[in-house]
Amino acid sequence: MDVRQSIDTYAKDISCIPQVTQRSPNLSGKGVIIAVLDSGIDYFSPEFRLANGKTRILAIWDQAAKPNEEKGQLPPEGYREGVLYTRERIDEALATDSREKGFEIVPHRDTSGHGTAVAGVAAGTKTGVAPEAELIIVKLATPLPNTFPRTTQLMRGITYAVNMGVALDRPVVINLSFGNTYGDHRGGSLLERFIDNASEIGRTSIVIGSGNEGNSNGHTAGTALEIANVELAVTQYETGLSVQLWKHFNDRFRLRILSPGGEELILETNQLDTVRKTLEQTQLLCYIGEPLPYSVNQEIFIDFIPQKTYINEGIWRFELAPVDVITGEYRFYLPSYAVRNAGTGFFLPTPEVTLTIPSTSMRAITVGAYDPRRQNYADFSGRGYVYRYEEGRTTGQNIPFGIAFNKPDLVAPGVDITVPTPEGTYEQVSGTSFAAPFVAGSAALLMEYGIVRGNDIYLYGQKLKAFLTDGVRKLPGVTQYPNDMVGWGALCVGESIF
Numbered sequence: 000m001d002v003r004q005s006i007d008t009y010a011k012d013i014s015c016i017p018q019v020t021q022r023s024p025n026l027s028g029k030g031v032i033i034a035v036l037d038s039g040i041d042y043f044s045p046e047f048r049l050a051n052g053k054t055r056i057l058a059i060w061d062q063a064a065k066p067n068e069e070k071g072q073l074p075p076e077g078y079r080e081g082v083l084y085t086r087e088r089i090d091e092a093l094a095t096d097s098r099e100k101g102f103e104i105v106p107h108r109d110t111s112g113h114g115t116a117v118a119g120v121a122a123g124t125k126t127g128v129a130p131e132a133e134l135i136i137v138k139l140a141t142p143l144p145n146t147f148p149r150t151t152q153l154m155r156g157i158t159y160a161v162n163m164g165v166a167l168d169r170p171v172v173i174n175l176s177f178g179n180t181y182g183d184h185r186g187g188s189l190l191e192r193f194i195d196n197a198s199e200i201g202r203t204s205i206v207i208g209s210g211n212e213g214n215s216n217g218h219t220a221g222t223a224l225e226i227a228n229v230e231l232a233v234t235q236y237e238t239g240l241s242v243q244l245w246k247h248f249n250d251r252f253r254l255r256i257l258s259p260g261g262e263e264l265i266l267e268t269n270q271l272d273t274v275r276k277t278l279e280q281t282q283l284l285c286y287i288g289e290p291l292p293y294s295v296n297q298e299i300f301i302d303f304i305p306q307k308t309y310i311n312e313g314i315w316r317f318e319l320a321p322v323d324v325i326t327g328e329y330r331f332y333l334p335s336y337a338v339r340n341a342g343t344g345f346f347l348p349t350p351e352v353t354l355t356i357p358s359t360s361m362r363a364i365t366v367g368a369y370d371p372r373r374q375n376y377a378d379f380s381g382r383g384y385v386y387r388y389e390e391g392r393t394t395g396q397n398i399p400f401g402i403a404f405n406k407p408d409l410v411a412p413g414v415d416i417t418v419p420t421p422e423g424t425y426e427q428v429s430g431t432s433f434a435a436p437f438v439a440g441s442a443a444l445l446m447e448y449g450i451v452r453g454n455d456i457y458l459y460g461q462k463l464k465a466f467l468t469d470g471v472r473k474l475p476g477v478t479q480y481p482n483d484m485v486g487w488g489a490l491c492v493g494e495s496i497f
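Heads up: the sequence shown is residues 0 to 497, going by numbering that gives the first Met the number 0.
In structure tokens, the structure reads:
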């Protein structure tokens, strides 16, 4: 496909965006802030500049940068890490008309390009859904490649964006296009609850991609009222691995772990402890946890540590024998596919509840991906759940009426999406990372219509989510909504307003 033609058209058209941007009410995101917490931004790109060459970026907080008081490179007021580059400083850098000279003034780079791409989808001049929204950029510091930013860094970034919106008296959309697999995926962790609370401050909407773990074979689950066996294939050259087992604390199991060569370790899940044992050439470091103040669930964390270079390849088996169980439910998770070798995964994976955290936050707008040209669910997109409640009636399919909670909330285009790069070119990418900013930009359009223009000053947070999910399109072949793959359906901004 000609990239110049795909800056464009199709994904926006099918998301009903031109209905509100190219004709009345002619929305553009003006007056709304989109905060992108990611890998940074190419602030020199014309995608993020006004017609006069000045920036549309209100601030860049580079959490990875080291403060330098002599050069005036300091963190935001009230924070201790990173460097804040103001709009004025960015414009000073742009006025040099030279990247080299500009970087002497604002030495901020997006080395991976991920943040630039995400910001381009949400608010790029050519590629963006909301091309007149202003931007706050928080570059999250990550300690190692393919690792998740520390929870504290993410929480500070969210706090900064929310407080900026309050200080400027502007509505804010926060976009998070990343996640990891660590946690029980029930929405009750410290980070998930923090996001829920942050979404209630000011006029804030938080949009999070559901992750790309849907077909990664990194999750399996079931009910062990009798002995259950879970098999894990580990391929060659795996330098390390971890396995999480989550269960209700009141359920007691005997967990037997067998190495590929038949050596074993037995754990009693009611004996809270840390256990080490070497099976063949792999040391297992096992942490048998206890509930936390915000969760009744228990974690058994098993770290596979090679005694030489690699852990033992082959089939590892986990045998769950019930001792005293009530629910019998268990859930296994592996690290993200990005840090595992291809082929390492569960033999009988469970695609449900493969959302990454923190997209499991209840008050966030959780976005999955679909292929806009084929009109079908993208199988890599993290799947969730639908919790229903009984009201004494059922549908013709014997499904109880009433929806208590579901994830994802909706899907947006996430296959072959055109994005800007830090090199000044364009490329096509796929992933829920790029579906999320479609919705973040759309949220900015709705907030402009409602809050900035005074049509509905309360159009943010959960009300905004309700409007977005009310306007969705149904996808061919999908008969039951909401569901764990596409939620309520596919983004359609025009129908969310009118």
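Glycine residues also receive a C-beta, built at the ideal position from the N, C-alpha and C atoms.
Collapsing the DSSP output to three states places GLY156 in a helix. In terms of Cβ geometry, PRO419 and GLY123 form a close pair [threshold 8 Å]. Under the three-pair Cβ rule at 8 Å, the region 31-51 counts as touching the region 100-119. When MET446, SER335, GLU87 and PHE43 are compared, the shortest CA-CA separation from GLY201 is found for MET446.
Collapsing the DSSP output to three states places LEU444 in a helix. Secondary structure at GLN270: coil, using DSSP grouped into helix, strand and coil.
The alpha carbon of ASP370 has as its nearest neighbour, out of TYR386, PHE433 and TYR425, the alpha carbon of PHE433. Taken in chain order, the whole beta strand (DSSP E) runs of length 3 or more contained in the region 21-70 are 32-37 and 56-61.
With 16 or more other Cβ atoms inside 10 Å of its own Cβ, THR219 counts as buried. Under the 8 Å Cβ criterion, the region 233-246 counts as touching the region 322-338, having at least three qualifying pairs.
At the C-beta level, ASP183 and PRO421 stay beyond 8 Å of one another. Assigned with DSSP and collapsed to three states, SER14 falls in coil, not helix or strand. Of the candidates LEU319, GLU318 and ILE304, the residue whose Cα lies closest to the Cα of GLU312 is ILE304.
Residue range 133-138 is occupied by the beta strand (DSSP E) that includes LYS138. Rounded to whole angstroms, the Cβ separation of ARG86 and ILE135 is 10 Å, and the two are not in contact under 8 Å. Of all C-beta pairs linking the region 255-275 to the region 337-351, fewer than three are shorter than 8 Å, placing the two stretches out of contact. Annotated three-state conformation of VAL385 is strand, per DSSP. Within its own chain, the residues whose Cβ lies closer than 6 Å to the Cβ of ALA363, once the five positions on either side in sequence are excluded, are ILE194, ILE205 and ILE207, listed in chain order. Around SER495, the same chain offers LEU445, PHE466, LEU467, ASP469 and GLY470 as residues with beta carbons nearer than 7 Å, after the five sequence neighbours per side are excluded. Across the structure, LEU463 and LEU409 are spaced so that their CA atoms are roughly 13 Å apart.
With contacts defined by Cβ atoms closer than 8 Å, GLY187 and GLY440 do not form a contacting pair. Annotation for ASN174: the continuous beta strand (DSSP E) segment containing it runs 171-175. Assignment of PHE404 by DSSP, reduced to helix, strand and coil, places it in the strand class. Under the DSSP assignment, HIS218 falls outside any alpha helix (DSSP H), being part of the beta strand (DSSP E) whose first and last residues are 218-222. SER380 is positioned such that its CB atom lies closer than 8 Å to that of GLY413. Between ASP483 and VAL385 a beta carbon distance of about 6 Å is seen, short of the 8 Å cut, so the two are scored as contacting. Bounds of any beta strand (DSSP E) do not take in VAL451, whose DSSP letter is neither H nor E.
An exposed status is given to ILE265, since fewer than 16 other beta-carbon atoms sit within 10 Å of its beta-carbon. Assigned with DSSP and collapsed to three states, ALA129 falls in coil, not helix or strand. For LYS246, the enclosing beta strand (DSSP E) has its first and last residue at 240-247. Of the candidates ILE301, ILE356, ASN269 and VAL295, ASN269 places its Cα closest to the Cα of ASP323. Apart from sequence neighbours up to five positions away, the residues of its chain that approach ALA92 with a beta-carbon distance below 6 Å are GLY101, ILE104 and VAL105, ordered along the chain. For the pair ILE456 and TYR448, the Cα-to-Cα distance works out to about 9 Å. Straight through space, the alpha carbons of GLY383 and TYR309 are spaced by roughly 33 Å. In its chain, beyond the 5 residues on either side, LYS53 and THR54 have a beta carbon closer than 8 Å to the beta carbon of ASP90. Counting only the Cα atoms, SER44 lies some 11 Å from TYR425.
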